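Reading through the structure tokens given below for one structure.
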Ligand code: R5P
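Numbering (my numbering), first residue to last: 4 to 304.
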């Protein structure tokens with residue numbers, strides 16, 4: 004069956020890279036904004052009977068990109084596309100994966116329902132972090148795949164940086180999944196930072212929380228911190244502080260999604276990071292690694 008790749012306005016270049024990597028033809032869209040703010044979408048080619056891979060990442064203006072995604076997919080179905088695969092490298096609202104306070108919106112559920120309702124037949128995400136939900140197939144009713152770009156990040160580190168006696172660290176227990184993958188690629192040890200309630204006999208008040216590596220010693224080691232998202236940078240700065248106190252030498256940071264708000268990058272470099280590396284799921288000054296090859300590989304399967 005014939006196949007094409009198209010990109011929404013958040014992911015035009017990314018989509019072109021995926022098309023080149025996967026050798027699937029790239030189809031252009033005419034995407035405009037009317038003076039009143041409404042969006043105009045036109046597909047510049049024939050999609051009848053084709054599988055269309057729609058790429059749209061949902062950062063910075065998630066609501067705009069979501070609505071644009073809905074307009075694109077619904078339009079493709081009207082135009083006779085036989086199958087639409089939605090590739091959403093950064094999936095907005097994933098962190099609101101429950102109703103934590105009475106009356107709150109369970110935003111992830113709403114967004115997933117809409118992505119499905121509009122006609123998406125299959126969905127791909129990248130390092131989607133579900134805190135309270137076991138895996139992506141518990142959220143989507145359509146076929147869904149959560150890809151990872153952590154091996155690509157680790158390969159970049161391996162090829163471009165020289166870490167001495169390296170340890171890969173996840174800044175919290177949830178990040179163990181990524182630390183493990185990166186460590187394998189680097190043939191290094193991995194660990195996570197864990198919270199411990201200290202007892203009265205230690206150097207702190209009873210019940211105080213101490214955060215430290217679960218089992219490895221960091222003394223004199225170069226450390227690669229790996230996390231899915233850097234948003235405000237608070238998590239990484241805190242992790243760096245703990246690792247330094249535990250004797251770490253040089254600290255490098257890698258992330259799948261460089262959201263980078265509120266001066267995150269400055270905060271991390273000021274805290275002493277050697278280098279912060281991200282991917283282009285969100286275009287940023289640290290997008291040294293492209294997630295396009297990972298997407299292309301998945302589309303070709
Ligand atoms: C949370 O569990 C995530 O994995 C990230 O650690 C978090 O979203 C990072 O946010 P921030 O950069 O604002 O600390």
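All C-beta atoms in this analysis are idealised placements derived from N, C-alpha and C, irrespective of residue type, glycine included.
Bear in mind the structure is a predicted one, so any value in this text is a computation, not a measurement.
Other residues of its chain near residue i: CB distance less than 7 Å, five sequence neighbours each side excluded
i           : result
residue 140 : 147
residue 223 : 168, 250 and 252
residue 303 : 25
residue 18  : 8, 9, 10, 29 and 58
residue 136 : 100 and 142
residue 87  : 55, 57, 76, 79, 80, 122, 123 and 124
residue 49  : none
Cutoff 8 Å; reference residue i; Cβ partners in own chain excluding five residues on either side
i           : result
residue 174 : 195, 196, 228, 230, 238, 239, 241 and 242
residue 65  : 95 and 96
residue 68  : 11, 12, 13, 59, 60, 61, 62 and 95
residue 182 : 171, 172, 173, 193, 194, 195 and 229
residue 280 : 156, 159, 160, 255, 256, 257, 258, 289, 291 and 292
residue 32  : 9, 10, 11, 44, 45, 46, 47 and 75
residue 189 : 157, 160, 161, 166, 169, 171 and 227
residue 108 : 99 and 102
residue 271 : 233, 236, 239, 240, 243, 256 and 279
residue 132 : 97, 98, 177, 231 and 232
N-terminal and C-terminal residue of the alpha helix (DSSP H) that residue i is part of
i           : result
residue 156 : 153-163
residue 113 : 110-120
residue 77  : 65-81
residue 244 : 237-248
residue 24  : 15-25
residue 188 : 179-189
residue 35  : Taken as a continuous stretch (DSSP letters only), residue 35 belongs to no alpha helix (DSSP H), being part of the beta strand (DSSP E) at 32-36.
residue 50  : Where residue 50 is concerned, there is no enclosing alpha helix (DSSP H), given that its DSSP letter is neither H nor E.
Straight-line gap, residue i to residue j (C-alpha atoms, nearest Å)
i           : j           : result
residue 301 : residue 235 : 30 Å
residue 170 : residue 221 : 8 Å
residue 257 : residue 14  : 21 Å
residue 185 : residue 153 : 6 Å
residue 216 : residue 75  : 46 Å
residue 70  : residue 269 : 32 Å
residue 199 : residue 218 : 13 Å
residue 105 : residue 138 : 24 Å
residue 267 : residue 177 : 21 Å
residue 41  : residue 273 : 41 Å
residue 124 : residue 180 : 28 Å
residue 191 : residue 248 : 21 Å
residue 72  : residue 103 : 28 Å
residue 53  : residue 21  : 17 Å
residue 187 : residue 85  : 39 Å
residue 134 : residue 295 : 25 Å
Supposed contact pair residue j and residue i - C-beta distance, whole angstroms, cut 8 Å
i           : j           : result
residue 254 : residue 276 : 5 Å
residue 150 : residue 297 : 5 Å
residue 78  : residue 55  : Between residue 55 and residue 78 the Cβ distance is about 10 Å, and since that is not below 8 Å, they are no contact.
residue 30  : residue 16  : So it is not a contact: roughly 15 Å between Cβ atoms.
residue 80  : residue 119 : The Cβ separation is near 12 Å, so there is no contact.
Cβ-based neighbour list, residue i, same chain, cut-off 6 Å, excluding 5 preceding and 5 following
i           : result
residue 371 : The requested residue 371 is not part of the displayed model; the chain covers only 4 to 304.
residue 51  : 83
residue 225 : 166, 167, 169, 252 and 253
residue 232 : 260 and 262
residue 4   : 54
residue 121 : 73, 76 and 77
residue 265 : 235
Residue i: first and last residue of the uninterrupted beta strand (DSSP E) it sits in
i           : result
residue 261 : 254-261
residue 229 : 226-233
residue 216 : 212-216
residue 170 : 170-173
residue 45  : 42-46
residue 6   : 6-10
Can you confirm whether the region 89-98 touches the region 117-128 when touching is taken to mean that 3 or more C-beta pairs between the two stretches lie within less than 8 Å?
yes
Segment contact, 8 Å Cβ cut-off, at least three pairs: the region 259-271 with the region 286-302:
yes
Are the region 26-40 and the region 107-119 touching by the rule of at least three beta carbon pairs closer than 8 Å? no
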